[in-house]
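Per our numbering, the sequence shown starts with residue 17, numbered consecutively.
Worksheet for the structure shown next.
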Amino acid sequence: MKRFFNILYFIVGGLFFFMVFTVGILLFQLSRGPVNLDFLKSGVIEKILTKSDTLDFETLQLSWESVKSPLRLEGLNIRYVQGHQKAREAFLGKVQCNFALKKLLQLKVVPEEIVIEGAQITVRSFKGDVREDRYKADLSFKIINDFLKKAVNLKSVLVTGSTLEIRSQKTPIIFDLSAHIARNPLSPVTIQGKVSAKNQGGKGDIITDITYRESLGDIGVNITLSGFDSDTFDDIVPEVFLQNLTFTDLSSTLSYHYSLKTGEHVAYLKGTLVNADVTQSAYWNAPLLFPKLAFEGDLKGKQFTIKELETSVQGIPMSISTRGIIDEETDQVHLETHVTVQKIPFKDLEKVWPKGAADPARKWITENITQGLSPKASLIMKSHFDFSAQNPFFTLGSLSGVIEIKNAVLGYVETMPKVNNLTATARFDKNQFDIHIKSGETHDLKISSGDLFIGRFSDKVPSLALEVDITGDLGNVLSLIDHKPLEYAKDYGLNPKTSTGQTQAKLKMKFPLLSPFETNKIETTVNAKVTGATLKDLAGLNVLLSKGDLDINVGAEQVSVTGHAFLNGEESRLFLTHQAKSKALDLKVQTRLTPVSLSKLWHESGLFFKGTAPLSLHYQGDAKKRGALALTIDLKDAEVNTLVYKKDFGIPSTLLLNGHYEQGRLRHIEKIFFTDETHRAIDGSAEFSSKEGDLSALNLVWSHKGKEILRATYLPRKNGARFLDLKAGQIDLKNFTDTDLTALSHPKHLEEHPVDAEPIRVQFEAQKVVFGRELGLLNNKLTLFLEKGLIQNLSYTGLTEEASQEKRDVFAQIYQTKKGALRKLRIQTEQGGAFLRALDIFENIRGGKLKIIAYHDPAFRKEEWVGKMKVRDFTLLKAPLLTRIFSLFPTGGAELTSGKGMKFKLMKMRFGASSKAFRIHASRAHGISVGFNLSGEIEKGDKGRLNLQGTMIPLYVVNTLVSKIPLIGEVISGGKNEGLFSVAFYIAGQKDKPEISANPFSIITPGITRQLFPSQETSLTRDDNWIDEEDTDGDVFDQEFNER
């Protein structure tokens, strides 16, 4: 029974051993195996049993003076009765052992048999006494010398009458003995015995029932203990069993059965322990108090189980259960003990978590998990006791546990927000600790799952790893990782206050558990998926990101942002990385660029750009916010805003830009390169101010197939206005003549492009300017000043290719009149035909001195320029339209088809020019052969319509002689320079196929008649002096013109 009682001690973690230990050697033998009953078959007993019905043992005395003296047994009186015969007695007087008890205890091998000689047996019967001086009796039984030698410190064992006295170092224990052996003629042998013992020096009673049934082949022992306290119980068990344990009351019941047939052991133990106080135990290494401990267990063979021991520690309910294996070969007991605590607040966890049991996990949990409670906490300990050594010792093999966590508060880094309302399951052992998180909250973020792991407690410095899945607003996620000691958002230029978006993120942290804590050892990553993201001033690049579906990955080394979003209002795809140590930034963007979005990067970009263009951007920066910028822009559908260049005019379709950033601002563009499939290209560079980061200079070179066309320099600020300097060799400006410059001054345009309202000075020089043809203007020099989309001042000089001298013969000027806010345009040239052909306006005029004067009122932005034009001494050559008109008359027009052409002395015109049409309010031209008047409208564009009406005067010199007759000439002819006979004609339809018609009756209608019956189509202004009047402004332009 020794090992079985050892089990109970292990169950409660060293609280007590052998709560039930009685009848020393007898119970010890039961624990080792069956009692050898061969002595029942010895000669004398066999003879007695064959004749008896009952056999009673009455008195047995065992004594020795010391462990060195011989062992003595005496006074065994045996009574037996056979049937109705008289009782018979056999008395064994004195038996002297042939060796001392000490020698017996020192045996290295457990003896199977001890032979006692020198016994004197007296048998009394009807016929007298039978006496034998020497009789050999074989008494076979097993003893364990180690138990007697090491565990029981006996002084003496004395049996007198029916009393067994065992004297130990302390108070003696007195046992009352009685035994009954009976055998019926028809039944097997049975033995029934009862031993009752009472502690003579204190509390405690022991009652033992022993039963042997030959028919069943088993031995049964029932032991009942009651009323023992720790002081009295210590008298009957080894001192090691109750080390550090005190209690006030022990009550227990043990049932043990052994089968002689199968060799199986079965035992059952149940009891209670009151006011158990453990000052120090193998498990708990700390004082523990158990007000009442209930225990229950069973033993089967060499395996045993102790069911849950219901108890409480410092008011906290606890249950303990154990299962184990007895190893007789190594003399060890192997245990697995389960300790369970229900509904314990975390503030009380350290009260029931023993010190020395997974101390690192115990320390971390009790310090970092506060508030809340554990619905269930369990501890599993695997250990063994070794009894083979001089002093039995305890070894803890492994330890593990599970703690359910509910509504707790978890801290992991002192400066980081705690996890609130934590629901989780914690698992730990001697080497590691893991918390599986089911839900929680931190920093207004929801935690859906996660793990916290502390591993390798055996390492000198163990580490902690945290991984959680969180959902919430992007700003809160960035704010979380911006807490000290991380401050990741600040390092990467991400502002939590201006960042929003629904976020699902995985936060990972790992750091060593150093003391003191070292922040630079923390490794942190955040992997987030964000929908509806908004990030202002992305990476310090003055970029607004909105409506983003992004993957954001933040780590100790870098942050990356990838996905789809709107950048400055344009749908884009981006990839951004930002290095932590070097602060290096790498940004790649694919988007569609507009003036509005580009102006967020460069507020003056709208000056050159209009429309929408796909863009690829690559920016690389360093810690000082210095970096390189590479742009690729597809400009196929774009326009340059201020000059309103169109694609077919020559704007390249792809833009490449390489620049440098400093302090988050663009400082220098070392290469600007435009190109398209027609090999048109623009190269350039740009500089930006060091303070504000605004553009300070832009240089561009426009080329085609390697040949330079135009060189431009743009200065945002020069003498209070922007400045654009253009220099060219030969440049084709055909499409420029079709542009609507008045659109630049429209209020809606200025609202969308406020940069066009800012003043700008333009200086242009070109060796040759053409308009879609070879003939052009040479030595061109132009300066102009624009404000609010309007040309306020312009000065141009140039040279037609037909000029006789290489001096500029074309002059143009726009300026404000002194009379008011009207703008005035003046153009003059000695080669009017060459000028009009160069501008691709009219190619059938040769020669001619041209002068144009026009006015525009800025107050009426949509109104036309109203002006007058005069051309002297020019030749009209091969004019198909006029040829068709002249073909309606019997005379005139032959010169048009000849190589010499038709000469005209003068042409005068009053006109109005707008973006939609050219209106001829009145015009007159005449030569020797013909004269005509013309009015109407010409729509712009190749498919524009003509709506003109006029009067042709054939044989102009002869026909107008009548008008020169004094007094009556003008009356007869219808006016000065009017012919006596003329023809009215009409032109209508599209430019390429106009219809021409004439009024045949108008040929024979004299001028006086036309005055009496004027038609709306042919009525012209009679004031011919307006075209000849010189302007009275007295400006330099007029002086220069008059000189020429």
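C-beta atoms are modelled at their ideal positions from N, C-alpha and C, and glycine is treated no differently.
- Going by C-alpha positions, residue 404 is about 11 Å away from residue 349.
- Across the structure, residue 246 and residue 307 are spaced so that their CA atoms are roughly 14 Å apart.
- At least 8 Å separates the beta-carbon of residue 438 from that of residue 374.
- Close CB contacts of residue 496 within its chain, under the 6 Å cut and outside five residues either way in sequence, are with 459 (chain order).
- If you draw a straight line from the Cα of residue 492 to the Cα of residue 456, it comes to about 15 Å.
- Residue pairing by DSSP puts residue 586 in a beta bridge opposite 583.
- Contact fails between the stretch 309-323 and the stretch 354-361, because fewer than three Cβ pairs, one in each stretch, are under 8 Å apart.
- Ranked by how close their Cα comes to the Cα of residue 472, the residues 518, 234, 261, 529 have 529 in first place.
- Sorting 429, 284, 885, 786 by C-alpha distance to the C-alpha of residue 867 places 885 at the top.
- For residue 962, the enclosing beta strand (DSSP E) covers residues 961-970.
- Annotated three-state conformation of residue 541 is strand, per DSSP.
- Between the alpha carbons of residue 799 and residue 846 lies a gap of roughly 21 Å.
- Take the alpha-carbon of residue 786 and the one of residue 816: they are about 11 Å apart.
- Taking 8 Å as the cut-off, the Cβ atoms of residue 265 and residue 243 count as close.
- DSSP lists 321, 352 as the beta-bridge partner residues of residue 339.
- The beta carbon of residue 467 lies closer than 7 Å to those of 450, 451, 452, 453, 483 in the same chain, with the five residues before and after it left out.
- DSSP places residue 391 in no alpha helix (DSSP H) but in the uninterrupted beta strand (DSSP E) bounded by 389-402.
- Within a 10 Å sphere around the beta-carbon of residue 263 sit 16 or more other beta-carbons, which makes this residue buried.
- Residue 887 has 866, 923 as its beta-bridge partners, per DSSP.
- Under the three-state reduction of DSSP output, residue 705 falls in the coil class, being neither helix nor strand.
- The alpha carbon of residue 924 has as its nearest neighbour, out of 489, 943, 916, the alpha carbon of 943.
- Taking a contact as a CB-CB distance under 8 Å, the pair residue 700 and residue 717 counts as one, their CB atoms being some 6 Å apart.
- Annotation for residue 732: no alpha helix (DSSP H) segment contains it, though the beta strand (DSSP E) segment containing it runs 723-734.
- The distance from the Cβ of residue 1012 to that of residue 900 is about 5 Å, consistent with a contact at the 8 Å cut-off.
- Inter-residue distance for residue 871 and residue 791 is about 29 Å (C-alpha atoms, whole angstroms).
- Exposed is the label assigned to residue 695, since fewer than 16 other Cβ atoms lie within 10 Å of its Cβ.
- DSSP, reduced to helix, strand and coil, places residue 361 within a strand of the structure shown.
- Between residue 865 and residue 882, the gap from beta carbon to beta carbon reaches 8 Å or more.
- Here residue 927 is near residue 937, since their CB atoms are less than 8 Å apart.
- Distance check between residue 593 and each of 916, 478, 575, 584 places 575 closest, using alpha-carbon atoms only.
- Residue 783 sits away from residue 814, with the two beta carbons spaced by 8 Å or more.
- Around residue 360, the same chain offers 332, 368, 389, 390, 393 as residues with beta carbons nearer than 8 Å, after the five sequence neighbours per side are excluded.
- One alpha carbon belongs to residue 806, the other to residue 853, and they sit about 27 Å apart.
- Under the three-state reduction of DSSP output, residue 488 falls in the strand class.
- With contacts defined as CB atoms closer than 8 Å, residue 688 and residue 702 qualify as a contacting pair.
- Boundaries of the beta strand (DSSP E) around residue 443: 435-445.
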